[in-house]
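Heads up, the thing below is written out as structure tokens.
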Amino acid sequence: MSKKVAVVTGSNKGIGLSIVKGLCKRFDGVVYLTSRDEGRGKAAVADLNKQGLHPEYHQLDVSDRESISKFRDHIQEKCGGIDILINNAGFANANYIDFSYDFEENKKIIDINFKSILTI
Numbered sequence: 032m033s034k035k036v037a038v039v040t041g042s043n044k045g046i047g048l049s050i051v052k053g054l055c056k057r058f059d060g061v062v063y064l065t066s067r068d069e070g071r072g073k074a075a076v077a078d079l080n081k082q083g084l085h086p087e088y089h090q091l092d093v094s095d096r097e098s099i100s101k102f103r104d105h106i107q108e109k110c111g112g113i114d115i116l117i118n119n120a121g122f123a124n125a126n127y128i129d130f131s132y133d134f135e136e137n138k139k140i141i142d143i144n145f146k147s148i149l150t151i
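If you're matching positions, the sequence shown starts at 32 in the numbering used here and goes up one per residue.
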């Protein structure tokens with residue numbers, strides 16, 4: 032029987048990284064750390080490796096359908112599917128109380144914080 036697969040989106044720092052750490056310690060399966068920024072994601076994995084934890088890494092921008100499709104294809108080919116999805120990716124501007132965002136900033140926030148939940 033193949034191993035179970037857990038995916039944590041937006042997990043190169045903060046809460047997502049803590050979830051990946053916990054899963055690596057307690058989950059008997061493959062844990063995927065994903066991030067929009069490949070450099071930051073790989074750096075997070077390298078830090079976890081130094082701690083004796085070994086998540087898999089894949090770049091994933093939850094606001095980009097092509098990135099989502101590439102990740103889906105990778106998971107299907109390598110693992111056959113996902114058993115646990117922790118949709119952690121989120122975005123907030125430092126001035127989130129200021130409602131003077133331009134259109135593109137608002138669109139990015141909606142794409143990441145809302146639409147990604149529907150597409151992932």
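Every residue gets a Cβ at the ideal spot worked out from N, C-alpha and C, and that includes glycine.
Limits of the alpha helix (DSSP H) - the one that residue i falls within
| i | result |
| --- | --- |
| Leu149 | Ser147 to Thr150 |
| His85 | No alpha helix (DSSP H) holds His85; DSSP gives it neither H nor E. |
| Val51 | Gly45 to Arg57 |
Enclosing beta strand (DSSP E) for residue i [first to last residue]
| i | result |
| --- | --- |
| Val36 | Lys35 to Val39 |
| Ser94 | Note, Ser94: premise wrong, no beta strand (DSSP E); not H, not E. |
| Ala131 | In the sequence as displayed, the identity of residue 131 is Ser instead of Ala. Note, Ser131: premise wrong, no beta strand (DSSP E); not H, not E. |
Exposure label - residue i; buried when at least 16 CB within 10 Å
| i | result |
| --- | --- |
| Thr150 | exposed |
| Ile141 | exposed |
| Phe145 | exposed |
Under the three-state DSSP convention, the category residue i falls into
| i | result |
| --- | --- |
| Ile140 | helix |
| Leu79 | helix |
| Ile115 | strand |
| Gly121 | coil |
| Ser42 | coil |
Pair within 8 Å by beta-carbon distance, residue i and residue j
| i | j | result |
| --- | --- | --- |
| Ala120 | Gly41 | yes |
| Leu48 | Ala37 | no |
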